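Visitor:
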Amino acid sequence: MDLSRHLKTAASSGRLLFGQRQTIDACASGEARLVIVAANCPTTYIDDLGARHPEVTIHRAMMVNRDLGVAVGKPFSISTICVIDAGDSELLTLESNV
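Counting from 1, position 46 in the sequence shown corresponds to residue 45 in numbering that gives the first Met the number 0; the numbering is continuous, with no gaps.
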């Protein structure tokens, strides 16, 4: 799966949240369907998120935070992307690899 292509599709046709705080809030409210984390995202954050919200799929991308930002067309680094609605992309077929 070409993650960059699917992220661009989801950013234009679906609903994504960016950042660790928004991701935690979306998981707590039950909106989050998938969380994509950068390769250099702190493991303590990932472990804590997985422990608090085991029902949410967490996928570690093979891209660093700068590359994730570029993949969704943002001019800044993104360590965490929360998928609320995948739109026309196939992001929800990703499996947990954490």
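We put the beta carbon where it would ideally sit given N, CA and C, even for glycine.
Since this is a predicted model, take the numbers as computed values, not measurements.
Might you give, ordered along the chain, the residues of its own chain that have their beta carbon closer than 6 Å to the beta carbon of Gly68, omitting 5 neighbours on each side?
Guide: The residue you call residue 68 lines up with position 69 of the sequence shown. The answer, listed in chain order, is Phe75, Ser76 and Ile77.
Visitor: Run through the DSSP bridge pairs and tell me what Phe17 is partnered with.
Guide: By one-based count along the sequence shown, residue 17 stands at place 18. According to DSSP, which records beta bridges pairwise, Phe17 is partnered with Ile80.
Visitor: Buried or exposed for Thr22, going by 16 or more other Cβ atoms inside 10 Å?
Guide: On the sequence shown, position 23 is the one that residue 22 refers to. Buried.
Visitor: Taking the DSSP output, what are the residues bridged to Thr43?
Guide: Position 44 of the sequence shown, counted from the first residue, corresponds to residue 43. DSSP lists no partner for Thr43.
Visitor: Please report the distance separating the alpha-carbon of Ala60 from that of Thr42.
Guide: Position 61 of the sequence shown, counting from 1, holds the residue named residue 60. Position 43 of the sequence shown, counting from 1, holds the residue named residue 42. Cα-Cα distance, rounded: 13 Å.
Visitor: I need the boundaries of the alpha helix (DSSP H) containing His5, first residue and last residue.
Guide: In the sequence shown, residue 5 corresponds to position 6, counting from 1. Counting along the chain, the alpha helix (DSSP H) containing His5 begins and ends at Leu2 to Ser12.
Visitor: Could you pull the start and end residues of the beta strand (DSSP E) that Arg59 belongs to?
Guide: Along the sequence shown, read from residue 1 onward, the residue named residue 59 stands at position 60. Thr56 to Arg59 is the extent of the beta strand (DSSP E) around Arg59.
Visitor: Using only alpha-carbon positions, find the residue among Lys73, Asn96 and Asp47 that is nearest to Arg20.
Guide: Position 21 of the sequence shown, counted from the first residue, corresponds to residue 20. Selected option, being the one with the closest Cα: Asp47.
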